[in-house]
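Numbering (the numbering used here), first residue to last: 11 to 685.
The structure appears right after this line, and notes come after that.
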Ligand SMILES: Nc1nc2c(ncn2[C@@H]2O[C@H](COP(=O)(O)OP(=O)(O)OP(=O)(O)O)[C@@H](O)[C@H]2O)c(=O)[nH]1
Ligand SMILES: [Mg+2]
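Next up, the structure:
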């Protein structure tokens, strides 16, 4: 190929399932481009990606790492994204600002499903992407099977760009299907040209034709050439490859080994020639043309420099000190893994971290003329929670400040002050997600917290009506206290809450004390005879008596409480437990397992199942599930479904809970009050 002009800085997001080798691939790419003299390894904890203690400690990516290099005079930034489904939020954000995604896959057809969710996001957003089948040094790779399995989870056609050359079972090189040249892998270097093995010719012809046909689907001229058996010129093929990747019409497939540095330069070259320019990406995203305009895709509260807003400069250049969204940029940094180097400016296309934009949030467009709203994915719904407390009293303010910062960094991590259980709940995407948050609290903010399984906000109600008399009489020193009421207590249908009425005749209770009786009832409701908030019942005040001097608001409140304390236990009290409605999404080979997950839990009830809207081969199982049974649902669902199953949930109704489980709950509650 000739005549390539120098591109503006481009961004490739490296994505793919958990542990497929993304951090290793970034390391290899940086090394191949000459950005690092020596490669680190994930197991040695010295890669450019994953610089945080949480990532190092777990040998997994827990957030997106940023690093840049120059390859053949062109600037690249790689966003090494976490693969674990619990850290997906960061990955989606990185994809929103990337020109191209490299989807790193395992060379194992049985693992193809684990790529489904990310491919769906790429397809839905028309983000150009390349598949890189990694770890070809380890497996006896059956390329056709891997490709077929991946194709089953991709809406876009996958097209092999190269086929493997093998010695025995080992892949030792590749044949490029465009140039029809054969190369022997040379770790870390450009592969050596070799003679195309005769035995590969039939496969090479077949796969090349397949590639050309995929391109011809979007190029009538090429289609005519193929029909006429004419040989299409290479420039035409390269032009189509570039155009079709940009339009997300095809997904080119490469293979290699991040760890052994095989096929890495090949991948870099494909990126260089075929990945879209930033201005093309900005147009795809309908970013307004007028610059300067940058978009925040990641927020970090760094220990020494304070708040950093990582942005992609979509239009125009940026410089330190400039005003964006009414705030002055204070410090501009180019990030390379753990290090932030101060720079005075950044040019269009670059990824750069901007200091001290205190009011900027992830997703927002920054411009000198003020904030620009740009399309951005919604925060993922939290799936599990823990109840947390500081271990040192006096740390509460520090904790809430730290949590505020952590959820600013990660929209899928949220804090809730639960009014009913009085607990502080930390919500997230899974166990590891929450554990990592706790370790950040300790490591970065020096706040120690203990965590517990959250309480279930049980309620209670009654099943029978009674009439009850309640009297409060007290004589102490001067004037006394007197209140006297007759009330009806009766159950109401589910969801009614509490109702207060009065049918007093003849002024037996003066009007000004009606509200006192109501207040007394509301006070009593906070803790019914079983120990929980009462709901779905009514109190009607129909009679009573008063004393001219001794009656008061307080005395009538007290009388109402006396009446309820005596009356409610006679009304057949019953516990109510919150039931959630779940929609569990799984590939349909796991539908039966998802249904079993529901039915094997106490009071789990299947409502039905349907195809998942817009998701080929997926089902959604709808179910009711007691909140008390929810705690490890996500853990079990993931272990049943290779990690890909997920669900959304909402509170649905309260349901009576009787029998042993109810006794246990009431008993535990009693003990809590005795503490
Ligand atoms: N044999 C072999 N192992 C590899 C290769 N690439 C990565 N690995 C190993 O796979 C494991 C995971 O590698 P990472 O680079 O951390 O994978 P990742 O995709 O970044 O993982 P997450 O970000 O946590 O999803 C490590 O033990 C690597 O040494 C490869 O090409 N060949
Ligand atoms: Mg990683």
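Built from N, CA and C at the ideal position, the CB exists for glycine as well.
Comparing alpha-carbon positions, which option in 577, 585, 149, 617 lies nearest residue 594? 617
Go ahead and pull the three-state DSSP assignment for residue 80. strand
Using DSSP's beta-bridge definition, name the partner residues of residue 346. 349
Can you tell me where the alpha helix (DSSP H) with residue 666 in it begins and where it stops? No alpha helix (DSSP H) holds residue 666; the beta strand (DSSP E) holding it covers 656 to 667.
For residue 11, which residues in the same chain have their Cβ closer than 6 Å to its Cβ, ignoring the five residues on either side in sequence? Residue placement at residue 11 is flagged as unreliable, the pLDDT there being 44, under the threshold of 50; a coordinate-derived value is accordingly withheld.
To which residues of the same chain is residue 504 closer than 7 Å at the C-beta, ignoring the five residues directly before and after it? 546, 663, 664
Test item, CB below 5 Å from any non-hydrogen atom of ligand 2: Selection output, chain order preserved: 32, 33, 71.
Work out the CA separation of residue 468 and residue 437 for me, nearest whole Å. 19 Å
In the DSSP assignment, find the alpha helix (DSSP H) that holds residue 233 and state where it starts and stops. 230 to 237
Report, in whole angstroms, the separation of the C-beta atoms of residue 356 and residue 342, which I expect to be a contact under 8 Å. 6 Å
Since residue 10 and residue 285 are thought to touch, with beta carbons under 8 Å apart, how far apart are those beta carbons, to the nearest angstrom? The shown model of the chain, from 11 to 685, leaves out residue 10, and the question about it has no answer.
Would you tell me roughly how many angstroms separate the C-alpha atoms of residue 256 and residue 14, rounded to the nearest one? 16 Å
Tell me, which residues are paired with residue 176 by DSSP? 181
Can you grab the Cα-Cα spacing for the pair residue 426 / residue 657, in whole Å? Roughly 20 Å between the two C-alpha positions.
Would you tell me roughly how many angstroms separate the C-alpha atoms of residue 327 and residue 371, rounded to the nearest one? Residue 327 and residue 371: Cα-Cα distance of roughly 20 Å.
Can you tell me where the beta strand (DSSP E) with residue 501 in it begins and where it stops? 491 to 501
Where DSSP assigns a beta bridge to residue 549, which residues make up the other side? 499, 510
Have a look at residue 18 and residue 40 and give me their C-alpha separation to the nearest angstrom. 18 Å
If I measure Cβ to Cβ from residue 673 and keep anything under 7 Å in the same chain, skipping five residues before and after, which residues do I get? none
Residue 531 to residue 23, Cα distance in whole Å? 59 Å
Which of the three DSSP states is assigned to residue 121 in this structure? Assignment of residue 121 by DSSP, reduced to helix, strand and coil, places it in the helix class.
Quickly, what does DSSP pair residue 631 with across the bridge? List them, please. 594, 619
Between the C-alpha atoms of residue 646 and residue 640, what's the straight-line distance to the nearest angstrom? Each residue's Cα considered, the two are about 10 Å apart.
Selected residue, minimal CA-CA separation from residue 1, among 360, 388, 136: The shown model of the chain, from 11 to 685, leaves out residue 1, and the question about it has no answer.
Tell me which residues share the same chain as residue 360 and place their Cβ nearer than 6 Å to its Cβ, disregarding the 5 neighbours each side in the sequence. Taking C-beta separations shorter than 6 Å and ignoring five residues to either side along the sequence, the partners of residue 360 in its chain run 19, 323, following chain order.
Should residue 556 be labelled buried (16 or more other beta-carbon atoms within 10 Å of its own) or exposed? In the assembly as shown, residue 556 is a buried residue. Its beta-carbon has 16 or more other beta-carbons within 10 Å.
Am I right that residue 600 and residue 655 are in contact with their C-beta atoms under 8 Å? What's the rounded C-beta distance? At roughly 6 Å, the Cβ-Cβ gap stays under 8 Å, so residue 600 and residue 655 are in contact.
Alpha carbon to alpha carbon, how far is residue 561 from residue 511? It is roughly 21 Å from the alpha-carbon of residue 561 to the alpha-carbon of residue 511.
Is the beta carbon of residue 455 closer than 8 Å to that of residue 412? yes
First and last residue of the alpha helix (DSSP H) that includes residue 248? Per DSSP, the unbroken alpha helix (DSSP H) holding residue 248 starts and ends at 244 to 256.
Just the Cα atoms here: how many angstroms apart are residue 26 and residue 233? 33 Å
Can you tell which of 458, 159, 497, 127 has its C-alpha closest to the C-alpha of residue 570? 497
Residue(s) in a DSSP beta bridge with residue 86: 20, 79
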